[in-house]
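Residue numbers (this note's numbering): 15 to 265.
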């Protein structure tokens, strides 16, 4: 099955102008899914550095780079409060679902500008919960699961409206915004989304934040129950809204 999330991110990077030979910084990279997308686009003549404050997923990314023989991909343990310019300068900074977790998005963007060359590109993807999900007819289980996910993220201190806040934050940080767009993830009986996989990955966080218990999650049967609810209703659901933006540093 085609990975729609990766397809969306790749399209964003290509349309924004990430191309062969560029030096790219991937912020909050985790195990490097977006890092490796960028590495394909910049090619062996380019360079991609992924940074994350958690060392464990970085080790996974580093091993993957070694296995693939990608000498132009590097991973560094650092957060957005670190002096990032020492790893650059970069032609582009990219990130997916990172800015929403920053206590001060404008301050973070200002620091990221220091890592960019004059005229450098910043490309960001953020998700937004505003008005989501929209289901017709009403799908109670889908709505409950969405609520668990977003409530957990909220209790972790994230900005649930970062998509709508993205362009204003870039402008306040001194960037010239070139494009902002949004696209909804659409679910139908024939078109699914890895909701169960995502919820299983979030299990510990959901329980730790007191959003739901293991019994309420009932993860062993979640995929089947979601699919059955969608089939029985012959429904359509706008699951989440994904925003993408790209902008330029002055100069």
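Where is the CB? At the ideal position from N, CA and C, for every residue including glycine.
For clarity, every value in this text was computed on a predicted model and none was experimentally measured.
In this structure, DSSP gives residue 86 a state outside helix and strand, which the three-state scheme calls coil.
In the structure shown, the three-state DSSP call for residue 40 is strand.
For the 7 Å CB-CB criterion, residue 184 and residue 261 form a contact. Taking the C-beta atoms as reference points, residue 119 is found no nearer than 7 Å to residue 126. For the options 59, 129, 20, the alpha carbon positioned closest to that of residue 34 is the one of 59.
In this structure, residue 38 lies near residue 62, with their beta-carbon atoms less than 7 Å apart. Close CB contacts of residue 226 within its chain, under the 6 Å cut and outside five residues either way in sequence, are with 162, 220 (chain order). Using a Cβ distance threshold of 7 Å, residue 42 and residue 66 count as a contacting pair. In this structure, DSSP gives residue 81 a helical state, which the three-state scheme calls helix. The DSSP assignment places 119–128 as complete runs of the alpha helix (DSSP H) inside the segment 104–145, in order along the chain (cut-off: 4 residues). Residues 252 of the same chain have their beta carbon placed closer than 6 Å to that of residue 148, with the five preceding and five following residues left out of the count. A distance below 8 Å between beta-carbons, with the five flanking residues on each side excluded, links residue 51 to the following residues of its chain, in chain order: 20, 23, 24, 27. Boundaries of the beta strand (DSSP E) around residue 190: 190–201. The beta carbons of residue 256 and residue 197 sit about 5 Å from each other, so the pair counts as a contact at 8 Å. In the three-state DSSP reduction, residue 254 falls in the strand class (E or B).
Counting along the chain, no beta strand (DSSP E) covers residue 225, and no H or E run does either.
Listed as beta-bridge partners of residue 22 by DSSP are no residues whatsoever. Here residue 259 carries a strand assignment [DSSP, helix/strand/coil].
Residue 179 has its alpha-carbon roughly 19 Å from the corresponding atom of residue 199.
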